[in-house]
Each structure stands twice: as structure tokens, then as C-alpha cells.
Amino acid sequence: MTDRILIRHGRVAAGAGLKDGDVLIEGSVIAAVGDGLDDTGARVIDATDCLVLPGGVDVHTHLNLKLGPRQVSDGFQAGTTAAAFGGTTTVVDHPEAGPAGCSLLHQPRFYRRQMEKQAVVDFGVHGVFQDATASTLAQVPELVAAGHGSGKVYLTYDARLDPDQTQRVLAAMKAAGGLTAFHAEDHETIERLRAQYAAQGRLAPVYHARSRPATAEAESIAAIAELVARTGATAYIVHLSSAAGLNVARQARRSGLPILVETCPQYLLLDESRYEDPDGLKYIMAPPLRSPADAEALWEGLADGSIDVVATDHCAFSLADKRRFGGDDFRQVPGGCPGVEARLPLLFSEGVLRGRLELERFVELVAANPARIMGLFPRKGVLQPGADADVLVWDPARVRTLSRETLHEACDFSPFDGWRVTGWPRMTLLRGEVIVENDEFLGRPGGGRFLSRPAAPHPDALSSLPGGS
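With my numbering as the guide, the letters of the sequence shown map in order to residues 20 to 488.
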């Protein structure tokens, strides 16, 4: 097998705009991007009529989440295989909380060991803060030095942290050069409304959404902004779902606070009316789906730079398990949905082709920005000499209807069942190796490599914020 590959005659997304040209790969890295590159000794891949894009980077997945008897469908092998088919070549996975009293490195180390055996794309692992004791905070430098340059704080659920604990985490992560990610929902609001609806016997899926209003998200982001102002640390808001939350984040950014924002396709393309469907429980996730006006506001945030990343929050609890555990009570339904395979096709089809996003902005949202923010740039997320040769030959005219039969996730449903998308990878390369070609999987379990991220975010990640350098 040659260690030289020349992707020829494509429309290459390298730098500003698209340019007709070639991408030369030598071994595992990109050697050159240009026109008329020498093909001596190379396998030549004809990309005529195709785009040549950097591999996608999904920095918010839960590929192997287990909560007591409830476990997601995929596991690392099936989940990363689905990612590869959809054009994602790097994931950064979120572990669940570990055993009570475990070290801060327990879960990242456990996930890394499993993913080294099973992942077919490259991967990182976030940390997760279950407490903010002196012992835990003393381990933050070790967490970051071990290559886990980001850690998540929950502001709701059983493992939530209070404001004092959260402030200590932000300060410790800043001192170590790491990044703190937040699930931002106000716990008191949610618990009050859940109790109210339960007392009234209102346990249908729609009351899941009503018990987690947009105000809960906005209030939580405002609280995070106050702590960012106190500590000077950078915060990363995961799965933003509402116009109200976006407005708070936008105002904080305009005041100079380093707050980075992520959203997901489900919040851009689906709305709360889905909870009235016969199987409305399949859309139970946190935060919940919102109104069409919220979705439109998020699209505007993507276009104007107020939102930095589109990830998935892929958490593929099956419909069968949602029914089995939840029954007629939304409070018992395991929350989450699959999405790691459809992320790029959905955003390309509904964003680029509908004129909501420029192609360059699409690449920033799904590849370059997540790589910058999570300490992977310039190794990932970009087509330039020296970067890993994670490359997509993207057919912008290929049409596919999303369904359980056409997707490769192990889950028994997709929230986008029946959606018709235009644009799909013809070929996916990981570090110069073709792992998917014309719908044939050519990768292998264990082919993905752990990506050490000893510092996050990359300085470039903050340059677009008001007041950024």
C-alpha cells in the first residue's frame, strides 16, 4: 500500500473560501495543498464535482454512557463507526460520573482504555467533576497533564455542583490551562416544576419540556457568566437550546467574558411539537426541544458568530428502553438521542444548501472551531501541511433519506427518521487511511488513537470574541 495519496480536481476547503486544487497526503499527514501537485508514486483519488473538507470533529458525545441498568445502544465501536460514515473523524467523549469518591482521573482513564481497543476514529476524553473537594481540585493539574484538557460540570442532576464549588473548579481549571464545560440548567426551577406536574398527574412527554423551560437555561448561563467574571476563566456552554440562553451568552461575550457556545442539530431542526407525537418520548433529552422561534434564533447565532460549535450530544438510548424504563412517566425516561452520523449531512443540507450558512462557516462549526476550542488545533480540523490527513471527499449532490436502515448507529431510531438530506461523504480518510469508501467500511476497531489535549482552548479559539486578540 502506498503511503502517498493525491486527491485531485476537488474544490478544496483550505483557508478562506473554496479553491480548485489537490491535496497531497504523505503517510499520516497532509504534505501539500495546491494545484497540479506531483502524483509520482501516489494513489490518485479523483474528486471531480466533489468538495474536499477536513474531517469533522464532534466534541460532545456519550458513546458508552451507562446509568445503572440503563445503557446507550452503541458502545464505542458502533458509535465511532457511525461517526466515520457521516464524516466525523474525531470525537471527544463525555464519561458518566464514576464510583462515589473516585479520583478525577478514574473515568477518563477507564474510557481511554476502552476506546483504545474499540474506537475506529481518533478520540479524546473529557473529565467530569462529581465534587469540588480539595482532593479533587488538587488532581486538576494531573488531569490536564494526562491529556484531558477539559472537564464538565453539571448544574443539575444528582452530581451537580453549587456556585461555590463551581467557582473553585473554574479557578483550578484556569490555573492548569484547561477548559470547563457546563450543562447549564437551573436545578431548582426544574425540580419545582417536575414536582408540580407530578402532583397534577401530568407525566406525558410534553411535560418534560415544560418542566425545563428556557428560563432555566438562561438563568444558569447568567450564573456561569458571573463566575467567569470573578475568576477570569473560560467557560464552554454545551447543547445550547434557546433564544433566551443565547441572548444571555451573547450579552456576556459582548461585555468581554470568554464564554464559548455549542449547539446541536436537534435544537436547530426539531421543535417541541414532537412531544405530542405518539412516540413523543423518543425526543426526551435535556435540555428539551424548544419552539421554532428558538431554532431560528440559533441559526442566526451560528451565522453571526455567537455560537461557536455544532456538536451532537449523541446519547443513543433506544426507543425500546425509553418505553421500558419510562412508560407513562417522563421523569423515568432515559434522556438523549443519536446523531453522530447525521451531523455533517444535516448541517450541510439545511445550512449551506438553504443559504443559512456559508461553506467556510460550516467547516468552522463542525471541524475547525471544535478543534481549536478543545486543544486539537492545528492537528485536527484543518487542511494544511502538517495537519493529520483527516479528509472527506464530499459529494454535495448525493441524496440520502435518513432512517434506521441507512444509518449505522446501533440505536433503533433516529430523531431525523425520514429526513432527506443532500450532501454525504463519498470517502472518509483518517490520518491518510481510507476508512469509508462508497458506503463500505474499511476501518478497524482500535484504529482510532487517543488525542492528548494538555491545554484547551487554543488561543485562536477566543480571537473572534468581542475584545479577543
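Ideal Cβ placement from N, Cα and C applies to all residues, glycine included. Since the model is a prediction, treat every value here as computed from it, not as a measurement.
CB residue i to CB residue j, shorter than 8 Å?
{"i": "E390", "j": "G400", "result": "Glu is not the amino acid found at residue 390; the sequence shown has Ala there. In this structure, G400 lies closer than 8 Å to A390 by Cβ."}
{"i": "G138", "j": "L174", "result": "Sequence check: residue 138 is Ala here, not Gly. Contact flag unset, no."}
{"i": "G74", "j": "T21", "result": "no"}
{"i": "R362", "j": "T107", "result": "yes"}
{"i": "S368", "j": "V455", "result": "no"}
{"i": "V188", "j": "A406", "result": "no"}
{"i": "A312", "j": "E281", "result": "no"}
{"i": "A252", "j": "A190", "result": "yes"}
{"i": "F432", "j": "L421", "result": "no"}
{"i": "H333", "j": "P357", "result": "yes"}
{"i": "L449", "j": "G462", "result": "yes"}
{"i": "R380", "j": "S325", "result": "no"}
{"i": "W318", "j": "L287", "result": "yes"}
{"i": "A223", "j": "T447", "result": "no"}
{"i": "L366", "j": "L384", "result": "yes"}
{"i": "I209", "j": "S230", "result": "yes"}
{"i": "L124", "j": "L162", "result": "yes"}
{"i": "T250", "j": "Q351", "result": "no"}
{"i": "V412", "j": "I24", "result": "no"}
{"i": "G40", "j": "V52", "result": "yes"}
{"i": "G9", "j": "A314", "result": "Since the first and last residues shown for the chain are 20 and 488, residue 9 lies out of range."}
{"i": "V328", "j": "N266", "result": "no"}
{"i": "S169", "j": "G197", "result": "yes"}
State the beta-bridge partners of residue i as determined by DSSP.
{"i": "G170", "result": "G146 and T199"}
{"i": "P444", "result": "W413"}
{"i": "V159", "result": "None; V159 has no bridge partner."}
{"i": "F460", "result": "V455"}
{"i": "D407", "result": "V48"}
{"i": "F432", "result": "Bridge partners of F432: none, in fact."}
{"i": "R439", "result": "T420"}
{"i": "Y255", "result": "A200 and L279"}
{"i": "K38", "result": "V31"}
{"i": "F469", "result": "F142"}
{"i": "I24", "result": "I44 and R62"}
{"i": "G120", "result": "Note: G120 sits in no beta bridge, so no partner."}
{"i": "L449", "result": "E452"}
{"i": "C356", "result": "H333"}
{"i": "G53", "result": "D41"}
Report the option in the options whose CA atom is closest to the CA atom of residue i.
{"i": "H81", "options": "I44, M134 and I49", "result": "M134"}
{"i": "S292", "options": "I303, L222, R373 and G105", "result": "I303"}
{"i": "E452", "options": "V31, L43, G34 and K38", "result": "L43"}
{"i": "G299", "options": "G346, G467, L259 and W318", "result": "G346"}
{"i": "P464", "options": "R380, L308 and Q96", "result": "Q96"}
{"i": "P397", "options": "L308, T67 and L470", "result": "L470"}
{"i": "V144", "options": "R419, H113 and F201", "result": "H113"}
{"i": "L180", "options": "G196, F148, E161 and P160", "result": "F148"}
{"i": "P415", "options": "T59, Q90, H28 and V71", "result": "V71"}
{"i": "D290", "options": "E281, D436 and P307", "result": "P307"}
{"i": "V371", "options": "A322, N388 and L395", "result": "A322"}
{"i": "V225", "options": "D150, A305 and L276", "result": "A305"}
{"i": "G29", "options": "E210, V140, L56 and A480", "result": "L56"}
{"i": "S260", "options": "H206, R249 and R309", "result": "R309"}
{"i": "P444", "options": "E424, G196 and V410", "result": "V410"}
{"i": "A195", "options": "A248, A223 and P473", "result": "P473"}
{"i": "L378", "options": "I24, K38 and L162", "result": "K38"}
{"i": "A429", "options": "R221, K85, E360 and N388", "result": "E360"}
{"i": "A178", "options": "G355, L86 and G60", "result": "L86"}
{"i": "Y130", "options": "G120, C121 and G146", "result": "G146"}
{"i": "D46", "options": "R62, A35 and V31", "result": "The sequence given here has Gly at residue 46, not Asp. With distances taken between Cα atoms, G46 lies closest to R62."}
{"i": "P127", "options": "K341, R211, E115 and F460", "result": "E115"}
{"i": "H227", "options": "Q184, L212, A386 and T234", "result": "L212"}
{"i": "P160", "options": "A339, K193 and K136", "result": "K193"}
{"i": "H258", "options": "R27, D77 and H167", "result": "D77"}
{"i": "P386", "options": "S92, A151, D93 and H79", "result": "According to the sequence displayed, residue 386 carries Ala and not Pro. Per the Cα distances, H79."}
{"i": "A50", "options": "G442, L402 and P476", "result": "L402"}
{"i": "R89", "options": "G354, A153 and E207", "result": "G354"}
{"i": "E459", "options": "H427, R468, P476 and A237", "result": "H427"}
| Inside the segment 71–114 only - alpha helix (DSSP H) runs reaching at least 4 residues | 94–105
| field | Whole alpha helix (DSSP H) elements within the segment 272–343, 4-residue minimum | value | Annotation: the segment 272–343 contains the following complete segments of the alpha helix (DSSP H) (minimum length 4 residues), in chain order: 284–288 and 311–323.
| request: Assess, as a yes-or-no matter, whether the segment 214–224 is touched by the segment 237–256 under the definition of 3 or more beta carbon pairs within less than 8 Å. | output: no
| Every unbroken beta strand (DSSP E) within the segment 175–236, with a cutoff of 3 residues, ordered by chain | 198–202
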